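Structure, as structure tokens:
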Amino acid sequence: MLEYDEDNEDYEQSKGERKLTDLISENYKRCYKLHKTDDDSYNLYLRLLLVTDFISGMTDSYAKNLYKALVGIY
331 MLEYDEDNED
341 YEQSKGERKL
351 TDLISENYKR
361 CYKLHKTDDD
371 SYNLYLRLLL
381 VTDFISGMTD
391 SYAKNLYKAL
401 VGIY
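Using my numbering, the first residue of the sequence shown is number 331, and each one after it goes up by one.
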């Protein structure tokens, strides 16, 4: 996820990374694309914010169910 950037042709996500990236709302991805720059450090910071916003927006029950789904409990 931290390497994620649709414009980076040198990096291909693994199946697991794609699965996790697909969980993130298109709104969050759109904000990332809108604010990213040519500065790799700043873009990494934006991706960290993207993940932080995704996690902080979860309810407890959603996080619990997502965990179960990701580890194959149900």
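Beta carbons: idealized from backbone N, C-alpha and C, even for Gly.
Source: prediction; values computed, not measured.
Using beta-carbon positions only, say whether residue i and residue j come within less than 8 Å of one another.
i: N373; j: T367; result: yes
i: Y392; j: L376; result: no
When DSSP labels each residue in this structure, what does residue i get in the three-state scheme?
i: E347; result: helix
i: Y354; result: Checking the displayed sequence, the identity of residue 354 turns out to be Ile instead of Tyr. Reduced to three states, the DSSP call for I354 is coil.
i: Y341; result: coil
i: T382; result: helix
i: D368; result: coil
In terms of residues, what are the limits of the alpha helix (DSSP H) holding residue i?
i: K394; result: D390 to V401
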